[in-house]
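The sequence shown begins at 1 in the UniProt record's numbering and counts up by one. Notes follow the structure.
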Amino acid sequence: MQRDEQIFELIEAEKQRQLHGLELIASENFVSDQVMEAAGSVLTNKYAEGYPGKRYYGGCEVVDEVEQIAIDRAKALFGAAYVNVQPHSGSQANTAVFAACLNPGDKILGFDLSHGGHLTHGSPVNFSGKLYNPTFYGVDQETGILNYDKIQEIATKEQPKLIIAGASAYSRDIDFKRFRVIADSVGAILMADISHPAGLIAKGILNDPIPHCHVVTTTTHKTLRGPRGGMIMMGEDFENPFGITLKNGSKRKMSSLFDSAVFPGNQGGPLEHIIAAKAIAFGEALTDDYLTYMLQVKKNAAALAEAFVAKDYNIISGGTDNHMMLIDLRNKNVSGKQAEEALVKAEITVNKNMVPFDDKSPFVTSGIRIGAAAITTRGLKESDMQTIVDLVDEVILNLEDETVLAAVATKVNALMADRPLFVS
Ligand code: PLP
Numbered sequence: 001m002q003r004d005e006q007i008f009e010l011i012e013a014e015k016q017r018q019l020h021g022l023e024l025i026a027s028e029n030f031v032s033d034q035v036m037e038a039a040g041s042v043l044t045n046k047y048a049e050g051y052p053g054k055r056y057y058g059g060c061e062v063v064d065e066v067e068q069i070a071i072d073r074a075k076a077l078f079g080a081a082y083v084n085v086q087p088h089s090g091s092q093a094n095t096a097v098f099a100a101c102l103n104p105g106d107k108i109l110g111f112d113l114s115h116g117g118h119l120t121h122g123s124p125v126n127f128s129g130k131l132y133n134p135t136f137y138g139v140d141q142e143t144g145i146l147n148y149d150k151i152q153e154i155a156t157k158e159q160p161k162l163i164i165a166g167a168s169a170y171s172r173d174i175d176f177k178r179f180r181v182i183a184d185s186v187g188a189i190l191m192a193d194i195s196h197p198a199g200l201i202a203k204g205i206l207n208d209p210i211p212h213c214h215v216v217t218t219t220t221h222k223t224l225r226g227p228r229g230g231m232i233m234m235g236e237d238f239e240n241p242f243g244i245t246l247k248n249g250s251k252r253k254m255s256s257l258f259d260s261a262v263f264p265g266n267q268g269g270p271l272e273h274i275i276a277a278k279a280i281a282f283g284e285a286l287t288d289d290y291l292t293y294m295l296q297v298k299k300n301a302a303a304l305a306e307a308f309v310a311k312d313y314n315i316i317s318g319g320t321d322n323h324m325m326l327i328d329l330r331n332k333n334v335s336g337k338q339a340e341e342a343l344v345k346a347e348i349t350v351n352k353n354m355v356p357f358d359d360k361s362p363f364v365t366s367g368i369r370i371g372a373a374a375i376t377t378r379g380l381k382e383s384d385m386q387t388i389v390d391l392v393d394e395v396i397l398n399l400e401d402e403t404v405l406a407a408v409a410t411k412v413n414a415l416m417a418d419r420p421l422f423v424s
């Protein structure tokens, strides 16, 4: 069969874009060669509906071992008693948890999307806001930080059945212990979505949700630096508090409900090539090298935030505890859309992002979100962060000046020259 040059040329073009540009998108990273190799392996050929040892297809002996290793490594990495590594994405992990814990129409309480939450935490354009009854908490306008007394007040008033702690654009550590007190006070299930800071949490750099939350979901491709995918975890199994009592008097365990909600509830065959890649990424994350990487991500993010603040950029909450930050550009008279578009011309990728109490639409926005996970994988250190902020600032101050944007692109290419995507 003829090689599909049309697609391979595009893949090469994307590789060159990634190699020569500056990747500041907070949700992106670069995987190791072995993660990439597993993701492109013959395991993509295998159907394996079911779970290790309980499949609906023959010939699953090998993938059973792969999936079990992925589960065991994830358990060791996060100190979890239960893990499901099959969700194809973070959204599907959340879909499965909601399906297992809730009935359509049930009330949920999540972090407002425009304050830093995720679409799957109750947005009206997502299944979570269409199928369930969403209510929201947000950050305080003055501080940009979560106010737990206010969250308690909202929970008491709304009486949700499920509370979501976690975000896509919140730069501060989350008090999961306090969230559990709030959840217990209203009899709600507490779910943490640690998609963004998962790697920092795994290495003990941020608060650990596992001891406090009933269930924890994550993506595997952000700070965790694995293939694109999702995962569900529990610190300990428990009986479904809302479930129908079985004939023997017991209620179904949540582990069995989560497994059924993923397959057959929400997905068909698992992506065993991706599960193999997850296993490798978890193995990498269990090493001390990965701890060094995570500590460097945190240092780089802090250095970026400090340099932005020194140039009068308004970082929501004033700084960062994790790998990312949200910048309100209103004092620069620039929208998120304008900034994103001009930065792309300078070969710097960020995403436009709503900021708390934004007066612009999600298509325009007042802010940009910036993260340090990807640039740290490429080997950049604190000393490079001032250079990056200078380059971003030059673009923001010269949005329409194509000559300046081209000159910044040349500087970006020089900064990234001779750096592989993944520096081990
Ligand atoms: N949850 C959070 C907090 C996220 O930030 C994201 C992705 O941005 C997701 C869930 C969804 O992940 P995916 O894009 O894999 O569906």
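Here a beta-carbon is modelled for each residue, glycine too, at the ideal position from N, C-alpha and C.
Q) In the DSSP assignment, what are the bridge partners of A192? A) Position 192 of the sequence shown, counted from the start, is the residue given in the question as residue 192. BP columns for A192 point to A165, V216.
What does a CB cutoff of less than 8 Å around T365 pick up in its chain, not counting 5 residues either side in sequence? Mapped onto the sequence shown, residue 365 falls at position 365. Within the same chain, T365 has close Cβ partners S335, G336, K337, K352, N353, M354, V355, D358.
Hey, how far is the Cα of K345 from the Cα of V408? In the sequence shown, the residue the question calls residue 345 occupies position 345. In the sequence shown, the residue the question calls residue 408 occupies position 408. Rounded to whole angstroms, K345 to V408 spans 9 Å at the Cα level.
Among P241, A301, A302, V85, which residue has its Cα nearest to the Cα of H273?
Along the sequence shown, one-based indexing puts residue 273 at 273. It is V85 whose Cα lies nearest to the Cα of H273.
### Query
If you draw a straight line from the alpha carbon of T220 to that of K247, how long is it in whole angstroms?
By 1-based counting over the sequence shown, the position of residue 220 is 220. By 1-based counting over the sequence shown, the position of residue 247 is 247. Approximately 38 Å between the Cα atoms of the pair.
Bounding residues of the beta strand (DSSP E) (the contiguous stretch that carries M231): The residue you call residue 231 lines up with position 231 of the sequence shown. That run of the beta strand (DSSP E) goes 230-234.
Q: Can you check DSSP and say which residues form a bridge with N314?
A: The residue labelled residue 314 in the question sits at position 314 within the sequence shown. Paired residue(s): D328.
### Query
Should P197 be labelled buried (16 or more other beta-carbon atoms within 10 Å of its own) or exposed?
Working through the sequence shown from its first residue, we reach residue 197 at position 197. Under this definition P197 is a buried residue.
Next on the checklist: Helix, strand or coil for Y57? Go by DSSP, reduced to three states.
Outcome noted: In the sequence shown, the residue the question calls residue 57 occupies position 57. Note: Y57 maps to coil in three-state DSSP.
### Task
Give the straight-line distance between the Cα atoms of L405 and A303, rounded to the nearest whole angstrom.
Counting from 1 along the sequence shown, the entry for residue 405 is found at position 405. Counting from 1 along the sequence shown, the entry for residue 303 is found at position 303. Distance between the alpha carbons of L405 and A303 is about 24 Å.
Exercise for review: Using 10 angstroms around the beta-carbon of V423, count the other beta-carbons present and answer buried if the total reaches 16, otherwise exposed.
Suggested key: The residue you call residue 423 lines up with position 423 of the sequence shown. Its Cβ having fewer than 16 others within 10 Å, V423 is exposed.
ask   = Rounded to whole angstroms, how far is the Cβ of G144 from the Cβ of I316, which I believe are closer than 8 Å?
value = On the sequence shown, position 144 is the one that residue 144 refers to. On the sequence shown, position 316 is the one that residue 316 refers to. Taking a contact as a CB-CB distance under 8 Å, the pair G144 and I316 counts as one, their CB atoms being some 4 Å apart.
At a cut-off of 7 Å, is H118 close to the ligand PLP when judged by its beta-carbon and the heavy atoms of the ligand?
As a position in the sequence shown, residue 118 is number 118, starting the count at 1. Correct: H118 has its Cβ closer than 7 Å to the ligand PLP.
| message | Just verifying my parser: in three-state terms, what is the DSSP assignment at N147? | response | Taking the first residue of the sequence shown as position 1, residue 147 is located at position 147. It is coil, neither helix nor strand.
As assigned by DSSP and simplified to three states, the class of I108
Within the sequence shown, numbered from 1, the residue matching residue 108 stands at position 108. Here I108 sits in strand by DSSP.
Notebook entry, point to check: Is Y82 helix, strand or coil by DSSP?
Noted result: Taking the sequence shown and counting its residues from 1, the one referred to as residue 82 is at position 82. It is a strand residue.
Kindly indicate the opening and closing residues of the alpha helix (DSSP H) around F263. Counting from 1 along the sequence shown, the entry for residue 263 is found at position 263. Counting along the chain, F263 falls outside any alpha helix (DSSP H), and DSSP gives it neither H nor E.
Exposed or buried, which one is A169 when buried takes at least 16 other CB atoms within 10 Å? By 1-based counting over the sequence shown, the position of residue 169 is 169. Buried: at least 16 other Cβ atoms inside 10 Å.
Exercise for review: Enumerate in chain order the residues of its own chain whose CB-to-CB distance from A261 is below 6 Å, with the five nearest sequence positions on each side excluded.
Suggested key: Position 261 of the sequence shown, counting from 1, holds the residue named residue 261. For A261, where only same-chain residues beyond five positions count, the Cβ hits under 6 Å are A96, A99, A100.
Could you compute how far the alpha carbon of I151 sits from the alpha carbon of L329?
Numbered from its first residue, the sequence shown carries residue 151 at position 151. Numbered from its first residue, the sequence shown carries residue 329 at position 329. About 27 Å.
Practice prompt. Please report the Cβ distance between K278 and A93, rounded to the nearest whole angstrom; I am assuming they are in contact, meaning their Cβ atoms lie under 8 Å.
Written response: Residue 278 sits at position 278 when you count from the first residue of the sequence shown. Residue 93 sits at position 93 when you count from the first residue of the sequence shown. 12 Å between Cβ atoms; not a contact.
Cβ-heavy atom distance between R228 and the ligand PLP below 7 Å? By 1-based counting over the sequence shown, the position of residue 228 is 228. At least one heavy atom of the ligand PLP is nearer than 7 Å to the Cβ of R228, so yes.
Practice problem: Please say whether E382 and K299 have beta carbons closer to each other than 8 Å? | Solution: Numbered from its first residue, the sequence shown carries residue 299 at position 299. Numbered from its first residue, the sequence shown carries residue 382 at position 382. Cβ atoms of K299 and E382: closer than 8 Å.
Which of the three DSSP states, helix, strand or coil, is assigned to F136? For the purposes of this step, residue 136 is identified with residue 136 of the sequence shown, where counting begins at 1. In the structure shown, the three-state DSSP call for F136 is strand.
Any heavy atom of the ligand PLP within a distance shorter than 7 Å of the CB on G122? Locating residue 122 in the sequence shown gives position 122, counting from the first residue. No, the Cβ of G122 stays beyond 7 Å of every heavy atom of the ligand PLP.
Original post:
By how many angstroms is the C-alpha of H121 removed from the C-alpha of N240?
Top reply: Taking the first residue of the sequence shown as position 1, residue 240 is located at position 240. Taking the first residue of the sequence shown as position 1, residue 121 is located at position 121. Answer to the nearest angstrom: the Cα atoms are 21 Å apart.
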